[in-house]
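Novice: Quick note, my numbering runs 4 ahead of the 1-based positions in the sequence shown. The structure's right below; bear with me while I get my questions together.
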Amino acid sequence: MAIYQWLFGAGGDEFLGNFKAGYITGVAVVLTLILLLKLLFFSSKNSVKEVTIPNPDGDLVISSKAIADMVRALVSAKFRHLSVTKINVVKRRDGLALEVIGNFHLDGGNLPCLIDDFRREVFKNLDARLGITEIKKVIPHISKAPATGKTFSSPSSS
Numbered sequence: 005m006a007i008y009q010w011l012f013g014a015g016g017d018e019f020l021g022n023f024k025a026g027y028i029t030g031v032a033v034v035l036t037l038i039l040l041l042k043l044l045f046f047s048s049k050n051s052v053k054e055v056t057i058p059n060p061d062g063d064l065v066i067s068s069k070a071i072a073d074m075v076r077a078l079v080s081a082k083f084r085h086l087s088v089t090k091i092n093v094v095k096r097r098d099g100l101a102l103e104v105i106g107n108f109h110l111d112g113g114n115l116p117c118l119i120d121d122f123r124r125e126v127f128k129n130l131d132a133r134l135g136i137t138e139i140k141k142v143i144p145h146i147s148k149a150p151a152t153g154k155t156f157s158s159p160s161s162s
């Protein structure tokens, strides 16, 4: 109760009461803005710039850009109905994850089956080509799904 009286009580002085109310409002607004900025710009996903593979003779450090280049090459070679716009290696609670943001052309068939094949190929190539086993998840984000005029056309009967 004493804190409430100190914060909001002016002891009969109207100017002091207005000052305290304005001060408290200002502090609340600033704290709210800081919290909002943190939520918007500093999300819980921590981008990882490199992956370290420990070795007794010296660690091997592979940049996220090298990982992204390998995934882009894999997509262009084996998954012609997928296109990649952005790749991030992120640190999550359950380990490292590879976020792949891109597009899926609707003529490519069943997306969940294609993504399962894509994940298997990414894990296989991360291990076989770069020696990376620390990445535990591949999380595709499909942002666009373009189609052609023939995508939904029915086969013609002769």
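Ideal placement from N, C-alpha and C gives every residue a C-beta, glycine not left out.
Quick one: residues in its chain with C-beta nearer than 7 Å to the C-beta of Met74, no 5 flanking neighbours on either side, listed in chain order?
Specialist: Asn129, Arg133 and Leu134.
Novice: Give the straight-line distance between the Cα atoms of Ser161 and Gly112, rounded to the nearest whole angstrom.
Specialist: With a pLDDT of 49 at Ser161, under the threshold of 50, the modelled position of this residue cannot be trusted; read the value that follows with caution. When rounded, the distance between both Cα atoms is 23 Å.
Novice: Taking just the CA atoms, how far does Gly26 sit from Arg164?
Specialist: Past the boundaries of the shown model lies residue 164; the chain is included only from 5 to 162, so the question cannot be answered.
Novice: Considering only the beta carbon of each residue, do Val65 and Ile57 sit closer than 9 Å?
Specialist: In contact: Val65 and Ile57 (Cβ atoms closer than 9 Å).
Novice: Leaving aside the five residues before and after Ser87 along the sequence, list all residues of the same chain whose C-beta is less than 6 Å from its C-beta, in chain order.
Specialist: Result list for Ser87: Gly106 and Asn107, in chain order.
Novice: What's the gap between the Cα of Pro116 and the Cα of Val34?
Specialist: Their Cα atoms are separated by approximately 45 Å.
Novice: Quick check: the Cα distance between Asp98 and Lys140, rounded to an integer number of angstroms?
Specialist: Using only the alpha carbons, I get a separation of about 8 Å.
Novice: Could you round the C-beta distance between Ala77 and Leu110 to whole angstroms and report it? I think they count as a contact, below 8 Å.
Specialist: Rounded, the Cβ-Cβ distance is 24 Å, inconsistent with contact.
Novice: For Lys95, collect the residues of the same chain with a Cβ closer than 6 Å to its Cβ; drop the 5 residues on either side in sequence, then sort them by chain order.
Specialist: Only Asn50 and Val52 meet the Cβ criterion.
Novice: Quick one: what's got a C-beta closer than 6 Å to Val79's C-beta in the same chain, skipping five residues either side?
Specialist: Cβ neighbours of Val79 beyond the five flanking positions: Leu86 and Val88.
Novice: Since Thr89 is in the beta strand (DSSP E), which residue starts that stretch and which ends it?
Specialist: Leu86 to Arg96 is the extent of the beta strand (DSSP E) around Thr89.
Novice: Taking the CB atoms as reference points, tell me whether Ala101 and Ile143 lie closer together than 9 Å.
Specialist: Contact: yes.
Novice: If I measure Cβ to Cβ from Ile119 and keep anything under 6 Å in the same chain, skipping five residues before and after, which residues do I get?
Specialist: Excluding positions up to five away in sequence, the list reads Pro144.
Novice: With DSSP collapsed to three states, give me the class of Ala149.
Specialist: Reduced to three states, the DSSP call for Ala149 is coil.
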